[in-house]
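Protein chains in written order, with the numbering used here: chain P, 1 to 309; chain R, 310 to 637; chain V, 638 to 1111; chain B, 1112 to 1459; chain X, 1460 to 1768.
Quick reminder that beta carbons are idealized off the backbone N, C-alpha and C, glycines included.
All values derive from a computational prediction rather than experimental measurement.
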Amino acid sequence: MLSYVLKRLSHTLLVIVGISIVSFVFLQLSGDPVGLMLPQDATSQQIEDLRHKLGLDDPVVVQYLRFVGNALRGDLGRSLFSNEPVAALILERLPATVELAFFSMAFALVIALPIGIVSALKRGTLIDTASMVLALFGLSMPHFWLGIMMIMLFSVQLGWLPTSGRGSFAQIIMPAAAMGISMVALFARLTRSTLLEVLGQDYVRTARAKGLPEYIVIGKHALKNAMIPLVTMIGMEFGLLLGGAVIIETVFAWPGVGRLIVQAIMDRDYPVVQGAVMLLSMIFVIVNLLVDLAYGWLDPDVSLRRASK
Amino acid sequence: MEAAPPLLEIDGLSIDAMLADGPVRLVDGVTLGLRAGEVLGLVGESGCGKSLLSYSILRLLAPGLRISGGDIRLEGRSLATLPERKIRAMRGNEISMIFQEPMTALNPVFTIGDQVAEVFRTHQRLSRPQARAKAVEALAAVGVPSPEIRVGQYPADLSGGMRQRVMIAMALACRPKILIADEPTTALDTTIQAQILELMRGLQRNFGTSIVFISHDLGVVAEVADHVAVLYCGRVVEEAPVAELFRNPRHPYTRGLMGAVPQPDAEDMPDVLHEIKGNVPRPGHLPGGCRFHPRCPVARDICRISDPPRVAVGAQHHVACWEAADAS
Amino acid sequence: QEAQLIVAQSAEPVGLDAARNNLQHSLNVAFNIQDRLFDPLEDGGVGPGLAESWEFTSNTTLKVKLREGLKFHNGEDVDAEAVKFSLERLLDPAIASPHAARMQQITGVRIIDPLTVEFTTSEPFAPILHLMSIYLPIVPPKATAGTDPDTFNRHPIGAGPYVFEKWDRGGDIVLKAFDGYWAGKPAYDRLVFRTIPEESARVAALLTGEVGLVEGISRNSQDMIEKSGRGSLTNSMGIMNYIGLNTYEKPFDDQRVRQALNHGINRELINKALFGEKAILTAGPLSPRTFGADLTLQPYAYDMEKAKALLAEAGYPEGFSTTLSYPTDMVQIQEQAQVIAADLAKIGVKVELRPLDRSVMVEQYRARKQDMYVYWWDDNPEPDRYAYTLFHSNSRDYYYKNPETDALLAKGRSALDRAEREKIYQQFDRKLYEEAPWVYLYVIPVAYGVAPDVQYEGRRDGFLFMRFASPKNG
Amino acid sequence: MQAELLRVKNLVRRYELRSGLFSRQQRYIHAVDGVSFSLNRAETLGIVGESGCGKTTLSRAMLRLVEPDEGEIIFRGRDIRSLTKEELRRERRHMQIVFQDPFGSFNPRMTVRELIDEPLSVHSRDSAAARLERVREVMAKVGLDPRLCDRHPHEFSGGQRQRIGIARALVLRPELIIGDEPVSALDVSIRAQILNLMKQLQEESGASFVMVSHDLGAIRFICHRVAVMYLGRVVEEGRTEDVFREPLHPYTRGLIDAVPVPRLRPGKTRQLLTGEIPSPVNPPRGCHFHPRCPLALKQCNSVAPAFNEVGGGRRVACHLFAPTGGIDTPAPVPVEKAGLAGRRPDQH
Amino acid sequence: MSHEQLDAADAGPAYRRRSGPARAWSALHALLLQSPSAFIGALILVLIVFACFIVPALLGQDGEATDLLNTFVPPVWQEGGSWATPLGTDHLGRDTLSRILIGGRISLTVAFCAVAMALSIGLVLGTLSGFYGGWIDSVIMRVGDLFLAYPFMLLTISVIALLGPSLTNLIIILALADWVTYARTVRGSVIAVRGKEYVRAAEAIGTPNRTIIRRHILPNTIAPILVLATVRAANYIIWESGLSFLGMGVPPPTPTWGIMLAEGRNYILNAWWLVTLPGLAIMFTILSVNLLGDGLRDAMDPRLKRVGK
Ligand SMILES: Nc1ncnc2c1ncn2[C@@H]1O[C@H](COP(=O)(O)OP(=O)(O)OP(=O)(O)O)[C@@H](O)[C@H]1O
Ligand SMILES: Nc1ncnc2c1ncn2[C@@H]1O[C@H](COP(=O)(O)OP(=O)(O)OP(=O)(O)O)[C@@H](O)[C@H]1O
Ligand SMILES: [Mg+2]
Ligand SMILES: [Mg+2]
Ligand code: NI
């Protein structure tokens, strides 16, 4: 197990190094931030000076190594625009992002699990079809559209919920729901299909043959096994939520990392983008590492199974 | 010579699969009886309905399958009409079951101890520690070495033979009247199989458990069973006490099966094995008349037209074959 | 009961130190915290601010007298020392103020007495008052010098009507009223700036009463707000759109082609359809609301025949193909670009639209990679502020250069006499009307939405001076 | 034409295990652990043993379908292990394999003709028509109607599929055919058909067969000689009749005794082996079999017995039968005389 | 003729070999029986494709023509509607109907091309990875991890910022962001197929690797990939709309459903049709694609077959 963890860690490290290079190269290719930092009427001398000051006239490799060296010391650089430390900028917004990701995940699961379970148990019936189609509706509505519709309905028309912002619980409901709904279909369908698969397994039959009541057969024996692929999916989606909530953040004025990064990309604010990409992908990889470790709890056979893979 | 009424009676049982293009009969009018303390062997080739028969006793048929006729009675009570709650209380308590695949029949994510203890907790309403203690006892009883350690292990940590012992321990936990063993040794190695067979025989000897023992291997059945029923395409074609059957097989299929298996310890080997020609037909594509007739070396015209009746040809020896019917 | 006003903006400020920020959203907040010597007025003139009075003692010297007894939020005195410090700080390369370039003409500042300062310029410099009324925030010397500039940018101090309280990044910026403000304590005790990037959400927040004032609402939302009865619109700020042409290259090096394009766009119809006839058509480079615009000029008439004739005359009877770049960060521009392209197609000019990300747009603009491009400037009352920047070859010669224009612009700067100055700019306006280095479009209205319980008149420069806001009916 | 077709010398195949929690050293499964035997032309060799003893690995290693780690495989006078990939590919036409699983060993998308034709199309330059002719011929030979050649394998029953497998193996007229449990997935009633067919084909074609199985009956029916494997090693080898009539190695004995005996043949004494088959990762030291052996001697848990010839072409790896034994090594005596039969495990 | 051959011959019409269109038709027929919802999905999809690709050509419209004199004309069934523009017009007077049809063409093209591209990359890399294993596998999979960990939205935005928005760029980005999904699936099924007995059999025969991949591996991995492709295609339509929302989709004036939604959102209250109708179009398309995908999955998953085989 330990060696497995070590191996996973080394992969993780490799990926992070890769990410740092890719994001660095990308931003190198994508243009010069200096023009944007200075007013429209700046002279070319001013531009040159600023480039020099920011170290943008050094060779690319030097710039990259400088970045890595600093990053290792926990210094992700400073924003070219606000001149604030990148790490602080991101960490300031991370709680909001994590909070939103967490609540949307919770929202999606609370709706998806019952749907998935019921439709697996009632496979082929009207309930099955209806709930799956319902879940699909969630999938077929673009986030921003859903978000705006929700605002129009729940805030403007009904006046139940505040339109945007972060602070109270009421404010997280709509963004979490808008984001969660698109995952409902994903989770519900996965739950359904894995549960169907699990229900066909011999050990479920064994459990029934032992005379266990149905709620234990499903709730204990079947669900724990069905959780395994679900947990992987949750890990992946959670990772995506961290970086991909830009649209929801925009619609609901949620002060998360996504918007910060998009703004930074538009501004060619190299250090912020780089730092944020590093940080987000690190979180992604770590979440997935945790998911893998969660297998240890869900599936005692995991190290064996991995070894034989 | 029918003494006490059988403990378990299967009476004209039929099972259908509900397919898109109509029902297909998989088990067709099977009648069998299991007496207290007896081992009833069921033999038949793959797909002849052995497992379905055993599942139907506990009403564990997969969705899409249903009992379309006949009845199953335990001590005179009909199981087929029992409410779900009652039948559930019976499972693992009065009737239990072991399955063919020890590798997959145990839930991989729970410990052995948990899975065995569950039976006690469900049927005897024991507390967690009590159930666990009983689980250790139950494992010890089926010859699992160092059961205190095993209870904390997961199925993956155990060998096939060990797992099958765990299954047996689980099945016997509540001292059931009837144990249904659906090919319990098929997946095991020959030397391990011999150990498990020995264990089953011990159970019957020591606890008087009645056993339905299912196998596709006539040799294995012959070793443990008192009474043997031979199935072909969802029907019982011959049924007799084990010694009688081997001495005097009356159905051509039974005779074919016996000749088709080369005996490793036989005195000498034939040059050519006795073969049953053709293939087992698929359900839904059964030939008319006697189901065996296309493969039967002694088939006659009547075999193609009409189903043979079940006739008694000796003490507790029944056959469904026109040849035997004519003879008697 | 505390009165609170929440203002929703479409983008979050980068920083809150007016000396170091250039973007409207940042300045909107900063101006409420840091006050300047003068208040910019709608006609391009200035009114008193921290300064009580001022006078040009010569062509190149300006003497300014401060109000007495004013304090900064942290208790420091607002005095000549502070003014001198503030200017020097602004010009200090270390803080890299984006406004420094605009103040280059100010060569000296001298303290005459604790409440009097004198500025000297290198040459007569007419826009100085206007520029100082916007770009020279007065800051407390001790606190500012003693703080890291970046920290100061996040926790600014000034002598403005509101005191900075806190800023949750991505969330709210909270200010509270300053008792010692020279014009008295503002009506709202608390002022909150909130960022809501999505327009529909901003409008929704106004309609539900969550916010009192919203910035950045399109024409359509304006209708919606008016119809809903749950809000009203302020007076409009203007955004002056134009199509720049690369006059160095074919086919736009020919004045007739440029004029043809000016004739080829149906501005009236666009105005009607897209802006509900609320836009102001422009004839020349100066917005009709800008000081010095020649109001006698008539906008180029929509005349397809004439356009075609001009093109034929210039040697393009079949028209030509070209590209039109525009930045994507403004929805209205996108819509106009589509309609404009459709209009030009009718006179044979096939236009390929090239929507560009803001930074790419700037880059390509600077690299002179654009044929036609849509850009805008605000409808500023002071002509020098953009005309010099956009048309004088000293500051830029990306797409147009003309010694005559250069001369006019230089003259306009140094003419301190308002009437004389006006004439110069009118001349400039007419000149470029003829030359047509741009396709002149219109000034489009950008209003603010105001909740029914808020009293606020907007400003044409769009800056949010919230001390002018007050609760209605109470 | 020399008599010997195949000689396997000291073949070893290990599988690497991912190392454990704290162990630095690499651990291996010795799936095949120094196996030697030879096979004559037109001879059938049976390899029996229980699950996991390495039968499949051995049969694949012989064809280099898994790469052996050590040892020689002399096939038709050449060491297969020294061949290049391309040479090996060409050599494959002389050696074919029939797989256990009649369901999984055919690409479900191919027709029977394509399946049987595949070896031909790879190895021969014949025209399509000539190949088709050959396909039909072989189909007829294994008892399949050549008219069914455009069907897909799923349309056939298990027994018929195994016939397709045999046809595919035969179509190139190989000199060696290896069957890895070719009948164990088949129904009892079909098994006899296939066994008969294989025996008949072997006799007709003169090819050599290696038949891997755990089914003692099938081995006894088909094979001239048999090798018994236990945990990667051959423990006994000899003529089939001899081995079955008089098993020498205690494991062979236990294996034969484990065959279920109908109750109507009482009185026969059997020696049930106790314990489980040990894990091949950590096989017992010395003789792998000693923890289960009712007759284990002192040295069995430390010294691996040599694989000795005991006369009559018979070889056994057991200290009981070491030719020039140490102090407590009994001479090779027939089993009955050694008093082995009827001993109960608890007496040991 | 022996009896067993009779059996096979009598096995029934379903087993008889067919060729060409008859086979395709019977496959469709089987699909209808196996999974009616998949059939419905396929039917709707065919209708949508027909409407989007054929109808506008017949009408000779491009959806770009503006008519400032007739803006915000409501659909024909509402007061003020006109038959000239049956579904009304937008803020620039463009015909909603033809925009929806043309937009559908673009959206479907984007989805299809992105799928085709991602699938090709994924198929090639996944096959290499799964078949050869070893360092090839490691390299490909690590690069894949990198793509997975790199936040998708950021990747998209960086690339768009770099290359500028265009139809081609959009397709490239979607493919770039998503090839890993395919590669992993392909790899998984290649490994599964590679472990199959029949691949061993081919090796034993001496079949060259290329032939093995072509003849044995690819045909048997393609089915799960097609299912995946259908589901992903639906996602791309949504993603496209999200990007359009951020102003990074296909550049105007070309209509796509995403752009129509994004533009129409500001007119929700005074011209409901501008956002509702393209929204419905998206919903139906995604619903039908998902129904088809789900149905295919069920139809191809032997575990879920109703007939225990
Ligand atoms: N859920 C099901 N739906 C349809 N047919 C089924 C189902 N389960 C089993 N069958 C069919 O019923 C027949 C009998 O199955 P059963 O499992 O009882 O056979 P068996 O005798 O136990 O065979 P084996 O020796 O392979 O276990 C088989 O032909 C099988 O295909
Ligand atoms: N690819 C592999 N990787 C690791 N270990 C393997 C592999 N293949 C086989 N083994 C191990 O090698 C040993 C021998 O396996 P092999 O399949 O040769 O046995 P076998 O005698 O054919 O067994 P069976 O009767 O179950 O088919 C077993 O312990 C098995 O677990
Ligand atoms: Mg069965
Ligand atoms: Mg094997
Ligand atoms: Ni026949």
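{"Asked": "My output table needs one value for alanine 717 (chain V): the three-state DSSP class, helix, strand or coil.", "Found": "helix"}
{"Asked": "So glutamate 1161 (chain B) contacts chain R; which residues on that side make the cut at Cβ distance below 9 Å?", "Found": "Asp498, Thr499, Thr500 and Ile501"}
{"Asked": "Which residues does DSSP pair with glutamate 1181 (chain B) in a beta bridge?", "Found": "B:Val1123"}
{"Asked": "Using beta-carbon positions only, say whether leucine 1359 (chain B) and valine 1421 (chain B) come within less than 9 Å of one another.", "Found": "yes"}
{"Asked": "In chain order, what residues have a CB nearer than 6 Å to some heavy atom of ligand 2?", "Found": "B:Tyr1126, B:Ile1140, B:Ala1142, B:Gly1160, B:Ser1162, B:Gly1163, B:Cys1164, B:Gly1165, B:Lys1166, B:Thr1167, B:Thr1168, B:His1325 and B:Pro1391"}
{"Asked": "Identify each residue in the stretch 1589-1619 of chain X for which the Cβ-Cβ distance to at least one residue of chain P is less than 7 Å, and report them in chain order.", "Found": "Arg1601, Asp1604, Leu1605, Ala1608, Tyr1609, Pro1610, Phe1611, Met1612, Leu1613, Ile1616 and Ser1617"}
{"Asked": "Identify the continuous alpha helix (DSSP H) that holds glycine 470 (chain R) and give its terminal residues.", "Found": "469-481"}
{"Asked": "Which bits of chain P does valine 1734 (chain X) rub up against, with CB to CB less than 9 Å?", "Found": "Trp145, Ile148 and Met149"}
{"Asked": "Please report the Cβ distance between proline 1395 (chain B) and histidine 1401 (chain B), rounded to the nearest whole angstrom; I am assuming they are in contact, meaning their Cβ atoms lie under 8 Å.", "Found": "6 Å"}
{"Asked": "Kindly indicate the opening and closing residues of the beta strand (DSSP E) around leucine 349 (chain R).", "Found": "348-352"}
{"Asked": "Can you pull the chain D neighbours of alanine 207 (chain P), defined as C-beta to C-beta under 9 Å?", "Found": "Among the chains of the structure shown, chain D does not appear; the protein chains present are P, R, V, B and X."}
{"Asked": "Find the nearest neighbour of isoleucine 520 (chain R) within the set R:Gly350, R:Leu362 and R:Thr563, judged by alpha-carbon distance.", "Found": "R:Gly350"}
{"Asked": "Does the beta carbon of proline 175 (chain P) sit closer than 9 Å to a beta carbon anywhere in chain X?", "Found": "no"}
{"Asked": "Going by CA-CA distance only, name the one from B:Gly1269, B:Glu1202, B:Ile1275 and B:Lys1252 that's closest to aspartate 1261 (chain B).", "Found": "B:Ile1275"}
{"Asked": "Please list the residues of the stretch 1357-1369 of chain B that have a C-beta atom closer than 7 Å to any C-beta atom in chain R, keeping them in chain order.", "Found": "Gly1365, Leu1366, Ile1367 and Ala1369"}
{"Asked": "Which of helix, strand or coil does DSSP assign to tryptophan 1638 (chain X)?", "Found": "helix"}
{"Asked": "When the distance is taken between beta carbons, is valine 1370 (chain B) closer than 9 Å to threonine 495 (chain R)?", "Found": "no"}
{"Asked": "Regarding glutamate 492 (chain R) and ligand 7, is the C-beta to nearest heavy atom distance less than 8 Å?", "Found": "In terms of ligand content, the structure shown lacks ligand 7 and carries ligand 1, ligand 2, ligand 3, ligand 4 and ligand 5 instead."}
{"Asked": "Take arginine 1125 (chain B) as the anchor and find which of B:Gly1424, B:Ala1114, B:Val1143 and B:Asp1212 has the nearest alpha-carbon.", "Found": "B:Val1143"}
{"Asked": "Alpha carbon to alpha carbon, how far is leucine 527 (chain R) from alanine 1417 (chain B)? Give it in angstroms, no decimals.", "Found": "39 Å"}
{"Asked": "Using a Cβ cut-off of 7 Å, pull out every chain V residue sitting near tyrosine 1726 (chain X), in sequence order please.", "Found": "Asn857"}
{"Asked": "Show which residues of chain V have a CB atom less than 8 Å away from the CB atom of glycine 256 (chain P).", "Found": "Gly807"}
{"Asked": "Between serine 1032 (chain V) and tyrosine 1025 (chain V), what straight-line distance do the alpha-carbon atoms span, to the nearest angstrom?", "Found": "7 Å"}
{"Asked": "Of all the alpha helix (DSSP H) runs that stay within the bounds of the stretch 1278-1364 of chain B, which reach a length of 4 or more residues?", "Found": "1299-1316, 1327-1333 and 1351-1356"}
{"Asked": "Thinking C-beta only, is aspartate 1212 (chain B) closer than 9 Å to glutamate 1656 (chain X)?", "Found": "yes"}
{"Asked": "Candidates V:Leu653, V:Arg867, V:Leu948 and V:Tyr939: which alpha carbon is nearest proline 1089 (chain V)'s?", "Found": "V:Arg867"}
{"Asked": "Report the neighbours of methionine 388 (chain P) on chain X: residues whose CB is nearer than 8 Å to its CB, in chain order.", "Found": "Absent from the structure is residue 388 (chain P), since the part of chain P shown begins at 1 and ends at 309."}
{"Asked": "When burial is assigned at 16 or more other CB atoms within 10 Å of the CB, is isoleucine 1438 (chain B) buried or exposed?", "Found": "Low confidence applies here, because isoleucine 1438 (chain B) scores a pLDDT of 41, under 50, leaving its location unreliable; read the following figure in that light. Isoleucine 1438 (chain B) comes out exposed."}
{"Asked": "Name, in chain order, the residues that DSSP records as bridge partners for arginine 1115 (chain B).", "Found": "This sequence places glutamate at residue 1115 (chain B); arginine is not what is there. Glutamate 1115 (chain B) is bridged to B:Asn1151."}
{"Asked": "Less than 8 Å between the CB of lysine 359 (chain R) and some heavy atom of ligand 3, yes or no?", "Found": "yes"}
{"Asked": "For the putative contact between valine 86 (chain P) and leucine 56 (chain P), defined by C-beta atoms under 8 Å, what is the C-beta separation to the nearest angstrom?", "Found": "Contact doesn't hold; Cβ gap of about 16 Å is too wide."}
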